[in-house]
Amino acid sequence: MVTYNSFIFEGHGISEKTGVYDPGAVYGTVRENDLADKIVTTAINYLKTTALSIHRDENNYADNDLDGNIYAAKAGISVHINAGGGTGTEIFVPSREKYLTEDFNLVKNISETLGIANRGVKSRDYNTGKIYLRSDGITLDYTDYYKEIRYAWGLGISLAIIEVGFIDTSDLKKIQANIDKIGFLIAQYIAKICGIELSKPGEPSITEDVYYRVICGSFKEKSNAEQRKKELETKGYSGIFVDIYKS
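Have a look at this one:
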């Protein structure tokens with residue numbers, strides 16, 4: 001038994017149980033699992049900058065990778081690429097999941113990053129096949145259509161399936177060109193459900209100890225700098241000082 005904070009799965013890939021490789025959807029030479037693998041790798045690398053322990057695995061549909069593990073957040077995500085000639089990003093969540101704020105944020109952020117349609121947060125009924133658009137804070141009550149979601153919920157875990165875009169339309173090139181951004185957004189989603197904020201390296205978090213400096217002119221002669229300082233002070237500005245800068 002292993003304890004993790006959360007998990008990111010590739011819905012397809014190599015089964016640890018059978019050794020069989022499932023590529024997922026295929027379009028020409030492009031395989032769904034190859035795209036998902038790149039996205040998940042990127043997300044995991046971003047999350048390595050945190051103290052979170054994240055379970056990464058593939059072909060969860062066949063292997064039921066959640067078995068025997070403990071997840072502090074009791075939630076995570078499985079990454080897929082859609083097929084069938086459509087366009088847009090969508091996310092499927094358990095019908096009985098009530099809290100969907102981060103799911104709405106993720107589907108919005110990815111669709112806007114790719115410049116494709118936001119197909120929404122959805123759940124699907126196993127018995128009828130009907131798809132429902134979800135609202136945050138409201139639960140539904142039926143058996144979930146997708147095995148990944150259904151099995152996880154039976155373990156008390158909320159698994160979301162993100163369909164990043166379509167492999168067989170113009171979405172593909174947009175996905176391929178934005179692997180890093182998609183990976184970061186998924187990492188950010190996982191961090192959020194684990195209760196932490198994630199910033200890209202080089203993007204400092206804003207705190208109360210951060211100050212922003214306004215510069216009002218640069219001069220070769222110190223006397224000119226002092227004159228500008230006096231002009232500003234006579235206009236009522238305070239906290240003005242002259243600093244030396246060497247290029």
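Counting from 1, one number per residue, gives the positions in the sequence shown under full-length UniProt numbering.
We put the CB at the ideal spot given by N, CA and C, even for glycine.
Let me make sure I understand the geometry here. Which of the options has the alpha-carbon closest to that of residue i?
i, options, result
"L114", "K173, S6, L155", "K173"
"I54", "Q188, D63, R96", "Q188"
"N118", "I138, T87, D125", "T87"
"A73", "E148, N64, L52", "L52"
"N5", "Y46, G76, S199", "G76"
"S15", "I8, S199, G165, D57", "D57"
"Y61", "F9, L185, N224", "F9"
"E163", "R228, I44, L106, I190", "L106"
"N33", "I161, N59, D141, I175", "N59"
"A177", "P23, Q227, L35", "L35"
"Y151", "D67, I190, V30, R228", "D67"
How would you label residue i, buried or exposed, when you count the other beta carbons within 10 angstroms and need 16 or more for buried?
i, result
"S135", "exposed"
"V40", "buried"
"V2", "exposed"
"N82", "buried"
"Y21", "exposed"
"E112", "exposed"
"K48", "exposed"
"L133", "exposed"
"V210", "Confidence is the limiting factor: at V210 the pLDDT is only 48, short of 50, which leaves the residue's position unreliable, though a coordinate-based value still follows. Exposed, by the Cβ-count rule."
"residue 249", "The displayed coordinates of the chain run from 1 to 247. Any statement about residue 249 would go beyond what the structure contains."
Can you grab the Cα-Cα spacing for the pair residue i / residue j, in whole Å?
i, j, result
"D171", "K108", "15 angstroms"
"I206", "E197", "Confidence at I206 is low in this model, with a pLDDT of 46, below 50, so the placement of that residue should be treated as unreliable; the coordinate-derived value is given next. Those two C-alpha atoms are separated by around 11 angstroms."
"I91", "L100", "10 angstroms"
"D37", "G129", "28 angstroms"
"E26", "G84", "For the record, residue 26 in the displayed sequence is Val; it is not Glu. Rounded to the nearest angstrom, the two C-alpha atoms are 11 angstroms apart."
"V79", "E231", "60 angstroms"
"E148", "K181", "25 angstroms"
"K98", "N127", "21 angstroms"
"W153", "P94", "7 angstroms"
"Y71", "G217", "55 angstroms"
"T42", "G183", "5 angstroms"
"I186", "I215", "38 angstroms"
"Y146", "P201", "36 angstroms"
"F7", "G28", "30 angstroms"
"K122", "G11", "17 angstroms"
"I103", "G13", "Strictly speaking, residue 103 in this sequence is Asp, with Ile absent from that position. Going by the C-alpha atoms only, they are around 24 angstroms apart."
"I138", "I157", "18 angstroms"
"K17", "D63", "6 angstroms"
"G120", "I179", "21 angstroms"
"Y46", "G195", "16 angstroms"
"I110", "G24", "21 angstroms"
Ends of the alpha helix (DSSP H) at residue i?
i, result
"K108", "101-114"
"I182", "179-193"
"V164", "First-last for V164: 158-166, but that is the beta strand (DSSP E), not the alpha helix (DSSP H)."
"K174", "171-176"
"D63", "60-63"
Among all the DSSP beta bridges, which residues are the ones paired with residue i?
i, result
"G120", "E90"
"D125", "D144"
"H55", "F7"
"D37", "Partner(s): none; D37 has no beta bridge."
"I149", "DSSP lists no partner for I149."
"D22", "G13"
"I44", "Note: I44 sits in no beta bridge, so no partner."
"R31", "V26"
"I70", "T3"
What span of residues does the beta strand (DSSP E) with residue i cover, start to end?
i, result
"I77", "75-82"
"I131", "131-133"
Strictly under 8 angstroms for the Cβ-Cβ distance: is residue i near chain B by that measure?
i, result
"D168", "Looking at the structure shown, chain B is missing, and only one protein chain is on hand."
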